[in-house]
Each structure stands twice: as C-alpha cells, then as structure tokens.
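Novice: Protein chains in written order, with numbering that gives the first Met the number 0: chain A, 0 to 464; chain B, 0 to 354.
Just so you know, even glycine gets a beta-carbon here, dropped at the ideal spot from N, CA and C.
Computed from a prediction, not measured in an experiment: that's the story for all the values here.
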Amino acid sequence: MNAGMPRPQPSRWIIVLVCVLALTSCRKEPETWSASEEHPWASGGSQTVFDAGAGAFSHGFPQMSATADILHGIGDLQFEQTFVSAPAPVNPGLGPVFNSVSCTSCHIGDGRGKPPTAGEQPISMLFRLSVPGTDAFGGPAPAPGFGGQLQPRAIFGARPEAEVTLAWSEETVTLPDGEVVHLRMPHVSFNNPYTALPAGMLWSARVAPPVFGLGLLEAIAASDIRMKADEGDVNDDGISGKVNEVWDRVQHRTAVGRFGWKAEQPTLLQQSAAAYNEDMGVTNPLFMLESTHGQPQYDGLNDDGELTDSVLHAVAFYVRTLAVPARRNTDDPQVVRGEELFSAAKCDRCHTPEQHTAVNVAFPPVSNQRISPYSDLLLHDMGAALSDNRPTFRAEGTEWRTPPLWGIGLTQVVNGHQNFLHDGRARSLLEAVLWHGGEAQESANAVRSMTTAERQALLAFLGSL
Amino acid sequence: MKRSLFLLSSLLLLVACKKESAEPTTPTPEGFTTADVLNDFANHVAQDNYRDLAALSSGLQERIVAFGTSLSDADLTLCKQQWRDTRLSWERSEALLFGPVATENIDPRIDTWPVNFVDLEAQLSSGNLFTPAYITSLEDALKGFHPIEYLLFGANGDKTAAQFTTREIEYITALAADLVNLTGSLDQRWDPATANNYTTAFTTAGSGSTEYPTQRAAFEELVNAMAGICDEVANGKMGEVLLAQDPSMEESPFAKNSIIDFTNNIRGVENVYLGRYDADGNGMENFVRQHDLLLDNMIKQQLASSIIALGTITVPFGQAIIEQPVQVQQAIDAINLLATTLNDELMPLVQQHID
C-alpha cells in the first residue's frame with residue numbers, strides 16, 4: 000500500500016501543456032458577421048442543403064428531429080403514390096376526371112412543370128376555369144359543368160372534359176446592344192369538350208411551381224407580408240404590392256394568400272388538399288366533394304373522403320419540410336456584379352432578397368430564420384401581355400404573385416428545361432425578364448438597355464440562385 | 000519511456016499545423032483523372048445499361064409477338080423469362096434516376112405501380128383499338144412493366160397460354176411496342192450522336208456542360224443517385240410494405256420478382272461505384288481508393304452485405320413480410336447503412352477533393 004501522496008512529476012505537466020498547445024495552436028479567431036453579408040449562399044437559413052444536382056429540390060430539412068425526419072419520409076412516399084380507379088386495394092379514388100395520377104407526376108423532382116410540346120396533352124400544366132362573378136367565399140365562380148379547372152384526362156368510362164391545343168406565335172425583339180430575343184406567346188383552345196363550354200368562360204394557364212422551401216414561406220408572419228404591401232403606392236416608387244385575401248377552409252375566415260401563381264392558397268395543408276381534389280379527383284378531409292360534384296360525370300360513389308386525414312397531413316408536412324438548395328459561386332466577380340445590377344434595375348423591389356421567418360415555438364425548424372426567397376409574396380401588376388383576365392379573390396387579371404427565385408438556376412439540371420412564368424412561355428431567364436410589364440416595366444427596360452456584359456452578369460447572378 | 004512521450008508530443012506540435020499537401024493534379028499516380036470517371040460512367044455504365052434495356056425490350060416485343068401467333072406454353076415461358084431479363088436491366092438503371100428518364104417523364108410511363116386494375120379490365124372488355132397513339136394517351140398505371148407483368152403472369156403468377164384472351168394478346172402486344180418506344184428514346188437521349196445528349200452533359204462537366212457546371216456537381220449527382228435508390232429500396236419498396244404488413248403493396252408481385260428487383264437496384268449502385276458494366280472502367284472506386292482505402296473497403300463490404308442480406312429472404316417478398324420479417328428488416332438495415340455511408344462519408348470526400 001502506498002500511503003503517501005504521489006509526487007507531481009514536472010515532465011507530465013509539460014506533456015499536458017504541449018498537448019494543449021498543439022490542440023489550440025491552429026485555432027482561428029471567429030470571424031465577425033455583418034447582417035447583410037452573412038452566408039450569401041444560405042438561401043434557406045439553417046435549412047439550406049448542398050446539392051446542385053437532379054435531387055437538389057428533394058432534400059428534407061437538414062435541421063429537424065428524427066421523428067420529423069420519419070414523418071417527412073412518410074409524406075415523401077405518399078407524394079409519389081399513383082392513384083387508380085376505385086375500387087382497388089391500393090390508392091383508389093382517382094378521377095373520374097383528373098389532371099394527373101400522383102403529386103410527383105406534375106412536380107417532377109419537386110421542381111417546375113412545363114407546357115406540352117406540339118401534339119402532347121399537358122402533363123405538368125393545368126388550366127383554371129371560371130365564369131365572371133365570385134363564389135360564396137369571394138373566390139372565382141366555378142364554370143358550370145367544369146368546375147374550377149379543366150381536367151383533360153379521365154378514367155375508363157368518363158370523358159376528358161376537353162382537349163387542349165396550344166399554339167405559339169413568335170415576336171422578335173432586338174435589344175439596343177444588338178442581341179436578338181424571340182418571345183413566344185401562347186394561343187390556347189379547348190377542343191372536343193364533353194359538354195358545351197359556358198359562355199364567357201375565363202381561363203388561366205398554370206405550370207406546376209417548385210415545391211421546396213414552402214415551409215419557410217409559410218413561416219413568414221402575415222404581418223410582415225402586410226407591412227411590405229403598398230397598395231396605393233404611397234411611397235410613389237411606381238411599385239405597389241397587394242396582399243391577396245383568400246378563404247381559409249380550416250379557420251373558416253379570410254387569410255393572407257401565399258401559395259400558387261395568384262397567391263390563392265393560405266396554407267400548405269389547403270394547397271395540398273386542393274391539389275388532391277382538383278388535380279387527381281381524390282376527396283379528402285378539406286374537400287369532401289368530388290371535383291365533379293354537381294356535374295354530369297359525378298361518380299355518385301359513397302367513398303368520400305378517399306384520402307385519410309393522416310396521409311394529407313403527412314404530404315403537407317413533406318412539402319413544408321423540403322429544404323432550399325444553397326447558392327453557388329456567390330463570390331464569383333461576375334455574379335457579384337450581377338447582384339448589384341439586379342438591385343440597380345430595382346428587381347429587388349418585388350423579388351425581395353431577404354425575409355425573416357417568425358419565431359415559432361411549436362415548430363422550431365422554421366423558427367426565426369433569415370431566408371432569401373427573392374419574393375415579397377405580394378401581388379403586382381405585370382402588364383397586359385401577361386394578363387389572364389381572370390380575377391382570383393383580390394388578384395386581378397394582370398396581377399401575379401412575385402414567384403420566389405431561389406433555386407431557379409437549378410431548373411435545367413432538375414427538370415431538364417428552362418421554361419418560366421405562369422404558363423411556361425419563357426424559354427430562358429432573359430425571356431422571362433423581358434416579359435415583365437406593368438409595375439416591372441421599368442426594370443425590364445433597364446435590363447433591355449444594359450450592355451451585353453452587364454446582362455450576362457445579371458443572368459449569371461440569377462443562375463447562382 | 001518519458002523521452003518517447005516528449006518526442007511524441009513534440010511531433011504532435013510539429014504536425015498539428017501542417018496543412019493538407021496540395022492535391023495531385025491530373026493525371027494522378029494511378030493514371031486516371033476525375034474526368035475519366037465521368038467519361039467511363041457516361042460512355043460505359045449509363046449508355047451500355049440503356050442500350051441493353053432497349054435491346055431487351057425489343058426482344059420482349061418479339062417474343063410476345065411470337066407467342067401471340069403460336070399461343071404455346073413454351074413461347075409464354077420464353078416471354079416470362081424475357082420480361083425478367085428486361086426488368087433486370089431496368090432495375091439496374093434505377094441507380095441512375097436523373098437526366099432524361101426523370102426530366103422527360105419516362106420513369107412513370109415505364110414503371111408505375113400499382114396497376115389500375117379496374118380500368119385495365121374495362122379496356123380489355125371494351126372495343127377500343129389499341130393503336131400506338133391510343134396506348135400513348137393512356138394513363139401511366141395502364142402501361143409499362145407492371146401491366147405487362149400482370150397480363151403475362153396472371154394474378155397468381157401461374158397463368159398458362161390457354162388462359163389468354165384475344166384482347167389480352169392485342170393489349171400486351173401494344174404495351175410491348177410502347178415499352179420499346181420509351182426505352183428506345185432513353186437509349187437515344189444518352190447516345191453521343193444525338194443532339195443535346197446526356198452523355199455529353201457528363202463528359203463536359205466543368206467545361207461547358209449546361210447541367211453540371213463543375214465536375215463536383217456531376218460527382219454529387221452520382222452519389223445522390225446511388226444513395227437515393229438505396230433509400231428508396233430500404234424505406235419505400237421494402238420498409239413501407241413491411242410496416243403496413245400489406246402484401247398487396249408489393250411491387251412486381253405477379254412475377255414474384257421483388258427480391259430480384261431490389262438486388263438489381265443494389266447491383267446498379269455497385270455498377271456506378273465500380274464504373275463497371277460489361278467492361279470494368281474507371282469508377283468512383285478509383286477516386287475513393289486514392290484518398291481513403293478504408294472507405295472504399297467499407298462501401299464494398301456494405302454493398303456485399305446488402306446483397307447477401309437480400310439473399311437470406313427465401314420466399315417471395317409479399318410472403319416474407321409476414322413469414323420472414325427479421326430477414327426483411329436485416330436487409331433494410333444493411334441497405335440503410337450503405338445509404339448512410341454514401342451520404343455521410345462518400346459525399347464529403349467528393350466535396351473535399353473535387354472542384
């Protein structure tokens with residue numbers, strides 16, 4: 000037994016000292032952050048992912064609990080499920096008329112849809128229909144016999160509501176620097192309808208928008224969105240910005256519209272439920288009536304809702320928790336120059352670079368994030384050339400919600416095309432810019448009169464988003 | 000002893016600040032470049048896989064046409080075998096679910112599950128002419144591999160030639176022609192002779208490719224695709240069905256081919272990793288071995304154990320979720336482990352070393 004205290008050995012202290020020194024000698028001082036410069040690539044705040052490939056839009060939030068991850072996975076599988084005619088052991092309830100058989104067949108890779116090519120029927124694009132007037136909630140009045148949108152496909156025994164023919168006419172624009180751009184204009188006709196089209200019917204073409212990052216947009220406080228609105232253009236900058244007030248089917252009251260090309264949906268739950276109902280003909284807890292209810296092709300089956308509450312919520316959760324891909328090449332001088340030009344041309348007045356999500360103790364993954372959606376979620380007058388002449392709640396024909404630009408540079412790799420705007424008429428980012436009119440006319444003019452190098456820088460910046 | 004400790008700590012102090020030595024630039028000591036890996040992937044793995052798929056689909060069409068004439072059980076058996084062979088090629092290609100197969104919406108038209116049985120039966124009892132244009136206009140759940148499988152093998156997998164109706168022969172013949180069209184267009188979209196082909200997207204990665212502005216982006220695509228199909232197999236195709244304990248959710252139930260499908264998905268991952276299809280080329284493997292032999296070893300081991308774990312399931316998958324849940328779960332775990340390694344080990348390695 001050793002009764003005495005062990006004598007401290009000086010050599011041992013030295014070893015410890017050296018080890019500490021070795022561990023700390025390379026530590027850098029933490030860099031100081033300034034609010035405007037922090038993480039220009041982190042478009043989705045802490046829910047940003049690093050993938051610039053085909054799967055860029057399909058990642059779950061990197062920062063959430065394991066339980067939330069599992070729920071996201073369940074929703075992911077449901078998002079891919081194909082629906083079939085009832086009765087069936089798996090996924091019954093399709094139709095009788097529909098646009099698509101699954102969520103993913105329009106939102107391919109959780110990304111952007113496109114108009115059909117010659118001879119094709121639209122797959123990832125649909126047509127909203129209405130007649131003048133409003134429904135009980137202030138929304139568009141459904142077209143008799145057709146409802147709120149055209150379903151050009153049908154299960155066996157039912158007839159497609161109509162066939163869509165899409166023709167294009169082209170206009171050539173020569174910019175001051177000599178660059179020639181061809182703008183194409185869609186001409187739509189509905190042929191072979193199953194019943195007469197109502198007189199004075201209004202329609203609006205919509206490609207499927209990307210579905211990532213939406214949980215973060217949903218987490219922006221309604222008051223923040225309202226604060227950015229300037230309906231009467233009080234600050235006299237030529238840009239107004241208007242909140243769409245739409246019907247919330249869960250809360251039974253009007254709410255700020257955030258989603259869809261006209262900001263016609265208030266929440267992701269309702270957006271998902273409406274898509275199941277209208278696009279696939281699948282009834283669910285928010286839409287218990289078939290899209291064909293009251294029409295000659297109503298199936299009369301006593302099988303509604305065809306989708307369970309839990310599946311609907313899982314799909315909404317999946318969409319809510321899709322992460323935002325990081326920007327690329329943020330310190331490339333051309334990209335940096337492009338960002339300055341974006342701001343100089345006042346594009347950033349509506350395509351707001353920076354937003355903040357509200358504090359949300361109930362769902363921390365979206366709480367208190369600085370995000371860069373490049374959208375103010377407000378309606379703006381985009382001019383007559385883009386007008387669909389179809390009012391949607393407070394949105395007039397010429398008014399469209401500023402679509403977020405995050406991830407837009409990855410459209411080619413994810414979706415294999417560069418078709419932009421609500422009807423996919425633009426075939427490049429430059430064409431999309433040149434279509435801007437109304438409040439954005441001044442910005443479009445600024446881009447027109449840029450030098451070639453400047454315009455390339457602007458496009459390089461957009462490509463980095 | 001003390002002296003060696005001193006020595007050790009001094010050494011530690013000396014190396015602590017050493018930076019990574021500069022990466023060897025092309026060509027590497029092993030005589031391959033990262034561009035070679037992308038070249039060999041596109042020119043051998045992807046192109047050969049899609050060429051095989053197109054050729055096997057044509058073979059399936061020929062056999063179905065022959066069976067339609069002879070209506071013999073011998074020809075039916077040949078059709079069934081050809082369906083399995085074609086399916087093998089398709090399942091291997093599922094390790095590359097990016098590019099034309101996704102963007103041109105070919106995947107759902109070839110491989111949608113479940114089959115829309117109600118409409119399929121209605122089509123058969125209708126008088127509709129199954130012209131190519133009519134088949135093209137049909138919804139996805141009425142065409143592709145699974146309706147063909149259902150018609151060839153029957154609901155219980157034991158269909159005989161005598162059970163075929165004329166309408167079934169007409170329909171299946173038209174479906175086979177549609178499959179040939181779709182797989183043919185996939186093959187064509189990867190053919191370097193076609194304008195805007197996807198092979199060039201890879202071979203020009205980092206030097207003009209519209210899809211892949213950097214080589215790193217192309218490598219990331221491959222890693223994501225490999226990890227993606229592992230996740231799909233483990234948690235979608237297997238996990239969901241096991242959890243629901245519902246055999247009716249099984250994919251490929253009529254041919255009882257699901258376990259073979261899953262195995263070929265993993266074989267597809269292996270092809271991408273090794274850069275191998277018919278011939279062995281430069282693969283992701285070469286790159287990994289250059290930087291982390293241990294990781295290379297681990298990935299190969301996990302590929303092997305995934306395939307072995309699937310091999311321990313001895314009954315058709317729909318039955319296995321009830322009778323052999325332990326084996327099914329073990330296979331799920333093995334494949335999930337592989338997915339984790341690809342996501343958490345291989346991806347950072349790619350991001351660290353490839354620009």
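For the stretch 44-59 of chain A and the stretch 335-350 of chain A, state whether three or more C-beta atom pairs, one from each stretch, are separated by less than 8 Å.
Specialist: Verdict: no, contact absent.
Novice: Please classify S125 of chain B: is it buried, with 16 or more other beta-carbons within 10 angstroms of its beta-carbon, or exposed?
Specialist: S125 of chain B is exposed by the Cβ-count criterion.
Novice: Y149 of chain B to M237 of chain B, Cα distance in whole Å?
Specialist: Those two C-alpha atoms are separated by around 20 Å.
Novice: Going by DSSP in three states, K236 of chain B sits in which element: helix, strand or coil?
Specialist: Here K236 of chain B sits in helix by DSSP.
Novice: Starting from S84 of chain A, find everything on chain B with Cβ-Cβ shorter than 7 Å and list it in chain order.
Specialist: Simply N115, V117, D118.
Novice: So if I threshold CB-CB distances at 7 Å, which residues from the stretch 99-110 of chain A count as touching chain B?
Specialist: If the cut-off is 7 Å between Cβ atoms, the stretch 99-110 of chain A has V100, S104, I107, G108 near chain B.
Novice: Leaving out the 5 sequence neighbours to the left and right, which residues in its chain are closer than 7 Å to P191 of chain B when beta-carbon positions are compared?
Specialist: Same-chain partners within the cutoff: T198, T199.
Novice: At the 9 Å Cβ level, is P26 of chain B part of the contact set with chain A, yes or no?
Specialist: With a pLDDT of 46 at P26 of chain B, under the threshold of 50, the modelled position of that residue is not reliable, and no figure is offered here.
Novice: Within the 9 Å Cβ cut-off, does P191 of chain B reach chain A?
Specialist: Answer no: the Cβ-Cβ gap between P191 of chain B and chain A never drops below 9 Å.
Novice: Give me the chain B residues within the contact set of D50 of chain A, using Cβ-Cβ distance strictly less than 7 Å, ordered along the chain.
Specialist: Under the 7 Å cutoff, chain B gives E219, N223.
Novice: Cutting at 7 Å between CB atoms, please list the residues of its own chain near L11 of chain B, excluding the five before and the five after it.
Specialist: Bear in mind that a pLDDT of 47 at L11 of chain B, under 50, signals an unreliable position, so the model cannot answer this.
Novice: Taking contact to mean at least 3 C-beta pairs separated by less than 8 Å, is the stretch 240-249 of chain B in contact with the stretch 270-288 of chain B?
Specialist: With the cut-off at 8 Å, the stretch 240-249 of chain B and the stretch 270-288 of chain B do not touch.
Novice: Using a C-beta cutoff of 9 Å, does G98 of chain B count as contacting chain A?
Specialist: By this cut-off, G98 of chain B is an interface position.
Novice: Scan the stretch 46-78 of chain A for residues whose Cβ lies nearer than 7 Å to a Cβ of chain B and list them as they occur along the chain.
Specialist: Those residues of the stretch 46-78 of chain A that come within reach of chain B (Cβ to Cβ, closer than 7 Å) are D50, A51, G52, A53, G54, G72, L76.
Novice: For a contact defined as C-beta to C-beta under 8 Å, what are the partners of Q411 of chain A on chain B?
Specialist: Neighbours of Q411 of chain A on chain B, chain order: T209, E210.
Novice: Using DSSP with H/G/I as helix, E/B as strand and the rest coil, what is C238 of chain A?
Specialist: The sequence as given places Ile at residue 238 of chain A; Cys does not occur at that position. I238 of chain A falls in the coil class under three-state DSSP.
Novice: Counting only Cβ pairs nearer than 8 Å, list the residues of chain A close to G282 of chain B.
Specialist: Chain A residues near G282 of chain B: none, gap ~18 Å exceeds 8 Å.
Novice: Establish whether the CB of W82 of chain B and some CB of chain A are separated by less than 9 Å.
Specialist: Chain A contact via Cβ: absent.
Novice: Could you tell me the alpha carbon to alpha carbon distance between D247 of chain A and T253 of chain A, rounded to whole angstroms?
Specialist: Looking at the two C-alpha atoms, the distance is approximately 6 Å.
Novice: Can a CB atom of chain A be found closer than 9 Å to the CB of N104 of chain B?
Specialist: So, interface residue.
Novice: List the whole-angstrom C-beta distance separating L378 of chain A from K241 of chain A, where the pair is believed to meet the contact cut-off of C-beta under 8 Å.
Specialist: Right, the Cβ-Cβ distance comes to about 4 Å (below 8 Å), so this counts as a contact.
Novice: Secondary structure at H251 of chain A, three-state DSSP: helix, strand or coil?
Specialist: In the structure shown, H251 of chain A sits in coil (DSSP, three-state: anything other than H, G, I, E or B).
Novice: Would T164 of chain B and L123 of chain B qualify as a contact pair, given that the criterion is a beta-carbon distance under 9 Å?
Specialist: It is a contact, given that the beta carbons lie within the stated cut-off.
Novice: Count the other C-beta atoms from every protein chain shown that fall within 10 angstroms of the C-beta of P29 of chain A, then say buried if there are 16 or more, exposed otherwise.
Specialist: Because P29 of chain A carries a pLDDT of 45, less than 50, the predicted location of this residue cannot be relied on, and the following value inherits that uncertainty. P29 of chain A is exposed by the Cβ-count criterion.
Novice: According to DSSP, simplified to helix, strand and coil, what is D47 of chain B?
Specialist: It is helical.
Novice: Is the CB-CB distance between R215 of chain B and P99 of chain B below 9 Å?
Specialist: Contact flag unset, no.
Novice: When you compare only the Cα positions, how much space is there between T81 of chain A and N115 of chain B?
Specialist: Those two C-alpha atoms are separated by around 9 Å.
Novice: Name the two residues that bound the continuous beta strand (DSSP E) containing L433 of chain A.
Specialist: Careful: L433 of chain A lies outside any beta strand (DSSP E), inside the alpha helix (DSSP H) at 428-434.
Novice: Just to confirm my understanding: we take E353 of chain A, look at its own chain, exclude 5 residues before and 5 after, and list those with CB closer than 7 Å. What are they?
Specialist: So the qualifying residues of the chain are R369, S371.
Novice: Using 9 Å as the limit for Cβ to Cβ distance, is V89 of chain A near chain B?
Specialist: Chain B contact via Cβ: present.
Novice: Which residue from A:S168, A:A452, A:P402 puts its Cα closest to that of V465 of chain A?
Specialist: Absent from the model: residue 465 of chain A. The displayed extent of chain A is 0 to 464, so no value can be given.
Novice: Kindly list, in the order they appear in chain B, the residues whose Cβ is closer than 9 Å to that of N414 of chain A.
Specialist: Neighbours of N414 of chain A on chain B, chain order: A101, T102.
Novice: Quick one: what's got a C-beta closer than 8 Å to V412 of chain A's C-beta in the same chain, skipping five residues either side?
Specialist: Same-chain partners within the cutoff: A51, G52, A53, A55.
Novice: Measuring alpha carbon to alpha carbon, tell me which of A:F316, A:P295, A:E289, A:Y297 ends up nearest G304 of chain A.
Specialist: Of A:F316, A:P295, A:E289, A:Y297, the residue nearest in Cα terms is A:E289.
Novice: May I ask which residues mark the beginning and end of the alpha helix (DSSP H) holding G310 of chain B?
Specialist: 292-310 is the extent of the alpha helix (DSSP H) around G310 of chain B.
Novice: What does I122 of chain A touch in chain B if you count any residue whose Cβ is under 8 Å from its own?
Specialist: Those are N104, listed as they occur along chain B.
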